Amino acid sequence: MSTRPVWQERPTVFGLTLKTVVLTLIVLAMVYPIYVVVLTSLSTARAVTEAGGLVTLPGELSLDAYRELFGGGVVTRAVLVSTGVTVVGTALSLGLTILAAYGLSRPGSVLHRPLLFMFLLTFLFTPGMIPSYLIVRELGLIDSYWSLILPTAVSAFNLVVMRAFFMNIPGEVLDSARIDGASDFRILWRIVLPMSKGVTAVIGLFYAVGYWNAFFNAVLYINDNSKWPLQLILRQYVQQGMSLVPNQRAVDTVAGYALPPNLAIKMAIIVVALVPVLLIYPFVQRHFTKGVIIGAVKG
Amino acid sequence: MLRRSPPADALTSSAGTRRLPLRARLRRDWQLLAMTVPAVALVIVFHYVPTLGNVIAFQDYSPYDGVTGSPWVGFYNFQWLLSDPEFWNALRNTVTITAFQLVFYFPVPIALAILLDSVLSRRLRLFIQGVVYMPHFFSWVLVVALFQQILGGAGLLAQTLRQAGHEPWNVMTNPDAFIVLVTAQSVWKDAGWGTIIFLAALAAINTNLYEAAAVDGASRWRRLWHITLPGLRPVILLLLILRLGDALNVGFEQFFLQRDAVGSEASEVLDTFVYWRTLMTGAWSYGAAAGLFKGLVGLILIVVANKVAHRFGEQGIYKRS
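Chains as they are written, first to last, in the numbering used here: chain A, -1 to 297; chain B, 5 to 325.
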């Protein structure tokens, strides 16, 4: 807790109150919707009926909605698809980006300028949706999971960020390793990467979140709805309101057997899409404040 | 000693390497090249080849004949585009949304950063930062779904109003309020994340300036006006120029997702126009023409914006690295 510098005037009561209120409202605007959604997903049919919709105060709780989702079926499959794409995609992207960022980190090496220029030029012009689609189709990747990975595998922005970071590593360290006869692969693996854990974590998060959230590419390239990733399921069953349990009403009336309410299931799908981000985020967040990104953005 | 000798020097420093014969440089750099090649290959296949593929905008492309077999039609597709009222509607919506967000979205991260910067407790500040950065990592589907649950016809707001005996209104399906809705969604999702760069700029302002001004009797607001804002000026200008250069990009997903709810009249932007017009009807060349139009205008805007940046004495984007 830092204190007010001596030259700064005492805050007025009015100003302080206003600031507190505004900041509280901002935090609530971010947190409250998530709280309501999570709570509803954990509520029983009776609690949802009593609330008349979304549940704002904790009542009767149950995990039925999640049991329903993970008991096999559409959502289970979509979670597996999204997880697979995210894991494979992030590993590939991170690997390629690290390699290329290091490969381009030494000015004066063979083809350094033209290759770097090739990446930088991608900032100025995007090829457009139709030609990109035609290429993916030409390569036979429609309805293949690779269509969700390969087109977005290398982000020039992340590459430039990473490269800027590598170039800040003191040259003496690398030079001495080189004189000792270490190969570039070895230098990258043994010296550069251990010094770049923060930036690697942040870029990894960027890629992972990108793959987990991928929607546009899936809309374009995946026609077969048995291969849909989670975001498309989220759209169909939550945003467009299709029911996961078609004969809900009929089943509901069977005495002594209460299915989780439709609303709780929908909210549970939102939570499932949300949780991985919420889980990884705190581990990476501290690197944001350490200026990893700022340096890059300014770089 | 060793470092001064020619071979070691050639091995390590970049200065003077151009004098080495190519073969020696290759022997030295082949590993670096090998590391770069896979990423370069992907960029060629998924960026440069499609960029060249835009030539189909000048053809009557059919997938069966391919790029080489399809007949050339000159500027026919562009003439068609310019006489298409739906295209003009999409263009108008795109530009209006950009202009609206420039006024109602752009200043929000600046104000929020100044507010956050004034929070004295470091811990509290880090907590709030953590919370407001977070929605940046949510997908648009998630954001739209959350907004729907809170503001939609069956959402929390409507539910509360109904229980209080009022007639609820549905913000999510009102075409007239759509521009406000999408801006609110953008603010919710990205304004917090947008503060990062301003917070860095704020941290770089020399505190002695504030102290000296305070000693000289400058009030809080005078200091904000004469020290804080001038300190932020370069970043504000840079981001403003970048945004202008990106004027035709308002995003695809946010508009695609809400098209059913508010109709295409209000929600169609250039990207969604290309999608619906082409992928739904198979008018490949026409869609490519629309995409090429957008890409070229974007390119011109970026180059102009960068010129303006240099004029203002800022770095612009070309000198990124």
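Positions of the beta carbon are idealized from the N, C-alpha and C atoms, including for glycine. On a predicted model such as this, the values are computed, not experimentally measured, just so you know.
Item to check | Member of L95/B, A181/B, E269/B, Y214/B whose CA lies at the smallest distance from the CA of P234/B | outcome: Y214/B
Checklist entry - By the criterion of Cβ-Cβ separation under 7 angstroms, what are the contact partners of E48/A in chain B? => result The premise fails here: E48/A is roughly 12 angstroms from chain B at the closest Cβ pair, so nothing lies under 7 angstroms.
Next on the checklist: Quick check for students: name the residue ranges of the alpha helix (DSSP H) that lie wholly in the stretch 5 to 57 of chain A, counting only runs of 4 or more.
Outcome noted: 11 to 39, 43 to 49
Checklist entry - Among R27/B, L46/B, V77/B, which residue has its Cα nearest to the Cα of I60/B? => result V77/B
Item to check | Cβ separation of P31/A and I154/B, assumed to be a contact under 8 angstroms, to the nearest whole Å | outcome: 5 angstroms
Item to check | chain A contact residues for Q163/B, given Cβ-Cβ distances below 7 angstroms | outcome: G50, G51, L52
Checklist entry - Based on the DSSP output, what are the partners of L59/A in its beta bridges? => result S41/A
Checklist entry - Helix or strand or just coil, what does DSSP make of W144/B? => result helix
Checklist entry - If V20/A and V135/B are in contact, beta carbons under 8 angstroms, what's the gap, nearest whole angstrom? => result Not confirmed; about 14 angstroms, so no contact.
Next on the checklist: In chain order, what are the residue ranges of uninterrupted alpha helix (DSSP H) at least 4 long that sit wholly in the stretch 124 to 204 of chain A?
Outcome noted: 127 to 136, 154 to 165, 169 to 177, 182 to 185
Checklist entry - How close, in whole Å, do the beta carbons of R161/A and L119/A come, if the pair is a contact with beta carbons under 8 angstroms? => result Contact flag wrong, Cβ pair sits at about 15 angstroms.
Item to check | Buried or exposed by the 16-neighbour rule on C-beta atoms within 10 Å, applied to V110/A | outcome: Position check: residue 110/A holds His in this sequence, whereas Val was assumed. Under this definition H110/A is a buried residue.
Item to check | Cβ shell of I183/B (< 8 angstroms), same chain only, five flanking positions each side left out | outcome: T100, I101, F104, A270
Next on the checklist: Quick test of your reading: A151/A and L90/A, contact by CB under 8 angstroms. State the CB separation rounded to the nearest angstrom.
Outcome noted: 6 angstroms
Item to check | Three-state secondary structure (DSSP) of W173/B | outcome: coil
Item to check | Opposing strand residues paired with Q63/B [DSSP bridges] | outcome: W76/B
Checklist entry - With a cut-off of 8 angstroms, does the C-beta of V219/B fall near any C-beta of chain A? => result yes
Next on the checklist: Considering only the alpha carbon of each residue, which of I209/B, V44/B, L242/B, T276/B lies closest to P112/A?
Outcome noted: V44/B
Item to check | Three-state class that DSSP yields for R104/A in the structure shown | outcome: coil
Checklist entry - Would you say the stretch 133 to 148 of chain A touches the stretch 207 to 222 of chain A, given that touching needs at least three Cβ pairs under 8 angstroms? => result yes
Checklist entry - According to the neighbour-count rule (16 or more other Cβ atoms, all chains shown, within 10 Å of its Cβ), is P56/A buried or exposed? => result exposed
Item to check | Proximal chain A residues relative to T282/B, where beta-carbon distance stays under 8 angstroms | outcome: M127, I128
Item to check | Partner residues on chain B for T88/A, Cβ-Cβ distance less than 9 angstroms | outcome: Those do not exist, as T88/A stays about 14 angstroms from chain B at its closest Cβ, beyond 9 angstroms.
Next on the checklist: Does W226/A pass the burial test, meaning 16 or more other C-beta atoms within 10 Å, or should it be called exposed?
Outcome noted: buried
Checklist entry - Helix, strand or coil for W226/A per DSSP? => result coil
Item to check | Identity of the residue in V254/B, N174/B, L228/B nearest I118/B by Cα | outcome: L228/B
Next on the checklist: Could you check whether the Cβ of M240/A sits closer than 8 angstroms to any Cβ belonging to chain B?
Outcome noted: no
Checklist entry - Comparing the C-beta of R65/A with each C-beta of chain C, is any distance below 8 angstroms? => result This model lacks chain C altogether; the protein chains it does include are A and B.
Checklist entry - Of all Cβ atoms in chain A, is any one closer than 8 angstroms to the Cβ of R224/B? => result yes
Checklist entry - Distance, Cα to Cα, L160/B vs M265/A? => result 13 angstroms
Checklist entry - So with Cβ pairs under 8 angstroms, would you call V35/A a contact of chain B? => result yes
Item to check | Closer than 8 angstroms at the beta carbon, the chain A residues around V47/B | outcome: M116, F117, T120, V152, A154
Checklist entry - Using a Cβ cut-off of 7 angstroms, which residues of the stretch 173 to 205 of chain A contact any Cβ in chain B, in chain order? => result D173, R176, I177, S181, D182, F183
Item to check | Contacts of P139/B in chain A (Cβ-Cβ under 8 angstroms) | outcome: M28
Item to check | Limits of the alpha helix (DSSP H) - the one that D264/B falls within | outcome: 257 to 266
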